[in-house]
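To start, the structure under review is shown below, and the notes come after it.
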Amino acid sequence: MTMSRRTYEPHSSIDVRRYDSNSDIAEILTEKKNYDMIIVSNPTKEQIIELTNNGFSHKPKKLRYFIDLPKSIEEYLENVSKKMTKKYQKVNELVEKKDIEIVFENGGDFAAFGEWQQNVYDKVIGNKKRGINRLELNHGAEIENNTFYSAPESEKISERIGIYLKQKGKICAGMIVSKFKDGAFMDGVGECYSVSYSTSDVRENEMLKSLNPDFYLLLKAMELSFNEKHKVLGGGMETNLYGDYLPVSILEYKRRQKYRPIPDKQSGDELIFINKLPEEKFCFPVMFHSYGKNNSLETNIFSNNALDETKIRKKYHLEGENINFFVLTDKTVVS
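Residue numbers (the numbering used here): 67 to 401.
Here it is as structure tokens:
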């Protein structure tokens with residue numbers, strides 16, 4: 067399969083000034099009001115101390131997400147909403163009735179993957195306002211060489227498995243889970259699976275739209291983890307900024323499923339200063355996680371109007387966590 071290549075620069079729609087560990091602190095402070103956003107990559111301790119005292123936030127560049135695995139699916143379902151549980155049970159019933167078929171695929175078989183990629187993933191990503199075809203961007207060579215499942219280019223991953231749902235003979239949903247080698251996903255957990263991609267085409271399928279097939283597939287991935295006695299199930303890695311090209315709905319969805327974030331150490335840290343949030347460039351609210359006391363993560367929320375803290379905590383499942391709120395005045399951020 068021949069695929070085109072393209073590069074992507076995060077925050078490409080935003081007026082960003084980038085600095086690094088060699089940049090002069092005085093220059094950074096002079097320029098910070100002249101851009102939508104200032105980012106200092108891999109800052110020094112001196113930069114961190116001086117710039118956090120001048121309105122910058124110290125944050126991981128990227129985050130890994132994971133679920134601490136309970137003893138069973140039933141125990142997990144006790145801690146999510148009743149609505150999600152009912153949808154899972156409904157899909158289970160349809161599978162038992164053979165109205166929906168579940169397909170597992172790995173090794174050299176790519177039939178389900180090819181159909182899912184072309185008819186579901188590519189279409190769904192293509193219809194998104196800021197969609198990025200990560201399969202094409204990150205795995206084009208593996209797909210062309212038929213090594214996507216069995217011989218990933220990443221030294222951290224031993225294999226991938228595809229989990230798909232079929233309705234009326236057609237693939238309608240799919241999830242790709244990657245198996246990370248011992249300690250490669252996060253310290254102290256051994257081998258584990260992590261969800262790399264999950265997409266379903268519910269636009270023209272009212273039944274699927276009401277059933278959240280991605281959640282059902284997540285629990286199938288969880289069953290794989292139980293079978294191999296894993297401690298956690300990973301939820302992939304994301305850029306630590308929601309509201310630009312990553313919608314805040316992704317963060318909401320992950321937290322609803324009981325994922326927790328940790329910094330991705332290999333990606334490094336950065337300092338960020340947000341000066342302006344032009345409404346034509348962002349989807350509000352804008353969020354990111356930064357380091358708080360004892361390097362614990364806290365949430366920063368930027369909006370164009372005052373927000374109800376209780377509602378925000380409930381909606382994004384942030385109960386008991388430290389939150390810093392920032393509000394726009396004439397499109398400029400103020401505390």
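The C-beta atom is built at its ideal place from N, Cα and C for all residues, glycine as well.
Source: prediction; values computed, not measured.
Between the beta-carbon of Asp90 and that of Asn108 there is about 16 Å, and that puts the pair past the 8 Å contact cut. Secondary structure at Glu225: strand, using DSSP grouped into helix, strand and coil. Looking at the DSSP output, Ala239 shares a beta bridge with Leu231, Ser266. Arg269 counts as exposed, since fewer than 16 other C-beta atoms from the protein chains shown sit within 10 angstroms of its C-beta. Closest in alpha carbon position to Tyr308, among Gly254, Gly192, Leu343, Asn360, is Leu343. A distance below 8 Å between beta-carbons, with the five flanking residues on each side excluded, links Asn145 to the following residues of its chain, in chain order: Pro136, Lys324.
By the Cβ rule, the segment 325 to 341 counts as touching the segment 110 to 126, because three or more pairs are nearer than 8 Å.
Remark: C-beta atoms of Asp248 and Gly254 do not approach each other more closely than 8 Å. Ala287 sits close to Val243, with the two beta carbons spaced by under 8 Å. For Lys381, the closest alpha carbon among the candidates Phe354, Ile328, Val314 is that of Val314. Inside the segment 101 to 189, DSSP marks whole alpha helix (DSSP H) runs of 4 or more residues at positions 111 to 118, 139 to 143, 148 to 162, 177 to 182, from first to last along the chain.
The straight-line gap separating the alpha-carbon atoms of Lys99 and Val82 is approximately 11 Å. If you draw a straight line from the Cα of Phe251 to the Cα of His296, it is about 12 Å long. Apart from the 5 residues on each side of it in sequence, Leu277 sits with its Cβ closer than 7 Å to the Cβ of Lys153, Lys156, Val157 in its chain, given in chain order. Rounded to the nearest angstrom, the gap between the Cα atoms of Glu97 and Ala217 is 46 Å. Taking the Cβ atoms as the reference, Phe132 lies roughly 6 Å from Arg326, within the contact range of under 8 Å.
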